[in-house]
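Scroll down for the structure; my scribbles are underneath it.
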Amino acid sequence: MATSSIKKEVYSVWAIPPEDVRDRLTKLMTSLRSDFGGPQFEPHMTVVGAIELTPDDALKKLRSASEGVKSFQVTVDRVSAGTFFYQCVYLLLHPTPQILETNAHCCTHFGYKNSTPYMPHVSLVYGDLTDEEKQKAQERANILDNSLSGLSFQISKLALYKTDTEDKSLKSWEKIAECTLTPN
1433 MATSSIKKEV
1443 YSVWAIPPED
1453 VRDRLTKLMT
1463 SLRSDFGGPQ
1473 FEPHMTVVGA
1483 IELTPDDALK
1493 KLRSASEGVK
1503 SFQVTVDRVS
1513 AGTFFYQCVY
1523 LLLHPTPQIL
1533 ETNAHCCTHF
1543 GYKNSTPYMP
1553 HVSLVYGDLT
1563 DEEKQKAQER
1573 ANILDNSLSG
1583 LSFQISKLAL
1593 YKTDTEDKSL
1603 KSWEKIAECT
1613 LTPN
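Converting from the sequence shown to my numbering requires adding 1432 to each position, the first position being numbered 1.
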């Protein structure tokens, strides 16, 4: 089979929070979704945004990128809101040198160019909400979990997800592989 006929898919690399934080965020996200709608997705911090690759290439790149990354600490600054579907309401993370280096390292391995400066965050809601709704969702998040600001946790897993950004239902999104990072 000629290599050129292998279909490219859209992939992203996500940093996956530890299980206790994942459970806590999933609960929060479920509550927010019941009030504000939007698709269901796993709590994550995007390290490499959507990029088109063949499945083999994506896996190789994840493995080689992960080898050069140690597990790292992330800290939530605050609940914030953005201006587009995939950055609707989120936890803004403190952009530590380690997070920025991990992003730069992985993007280099994947040949991904950030179109805007990297802003580490963990999304809580995807959607096209009005500014008023976003404001309400932020307030609601802080009421539901009042100790989000300053929440600190260790990232020790990077995962490769298939993320067709055209599919706003996210039904086609799936985890392809996961790598455990070297302890720090």
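We put the CB at the ideal spot given by N, CA and C, even for glycine. Predicted, not measured: the structure shown is a model, and the values here were computed from it.
Ranked by Cα distance from residue 1559, the first of 1613, 1608, 1519 and 1526 is 1519. Contact annotation: residue 1438 and residue 1515 have beta-carbon atoms that are not nearer than 9 Å.
In chain order, 1460, 1461, 1464, 1521, 1522, 1523 and 1573 place their CB closer than 7 Å to the CB of residue 1556, counting only its own chain and leaving out the 5 sequence neighbours on each side. With contacts defined as CB atoms closer than 9 Å, residue 1597 and residue 1479 fail to qualify as a contacting pair.
By the 16-neighbour rule on beta-carbons within 10 angstroms, residue 1449 is buried. Segment contact: the stretch 1567-1587 against the stretch 1483-1497, fewer than three CB-CB distances shorter than 8 Å; contact not assigned. In this structure, residue 1561 lies away from residue 1473, with their beta-carbon atoms at least 9 Å apart. Residue pairing of residue 1605 in beta bridges, as defined by DSSP: absent, with no partner found. Close CB contacts of residue 1605 within its chain, under the 8 Å cut and outside five residues either way in sequence, are with 1473, 1593, 1594, 1595, 1596 and 1599 (chain order).
Measuring C-alpha to C-alpha distances from residue 1509 to each of 1496, 1528 and 1466 identifies 1528 as the nearest.
A check of alpha carbon separations from residue 1545 across 1552, 1551 and 1536 identifies 1536 as the nearest. With respect to the 9 Å criterion, residue 1511 and residue 1570 are classified as neighbours on the basis of their beta carbons. C-alpha of residue 1493 to C-alpha of residue 1575: approximately 40 Å in a straight line. In the DSSP assignment, residue 1531 falls within the alpha helix (DSSP H) that extends over 1529-1542. A distance below 7 Å between beta-carbons, with the five flanking residues on each side excluded, links residue 1513 to the following residues of its chain, in chain order: 1520, 1521, 1566 and 1570.
In the DSSP annotation of this structure, the continuous segment of the beta strand (DSSP E) that includes residue 1511 starts and ends at 1504-1516. Less than 9 Å divides the Cβ of residue 1591 from the Cβ of residue 1476. The alpha-carbon separation between residue 1614 and residue 1541 amounts to approximately 17 Å.
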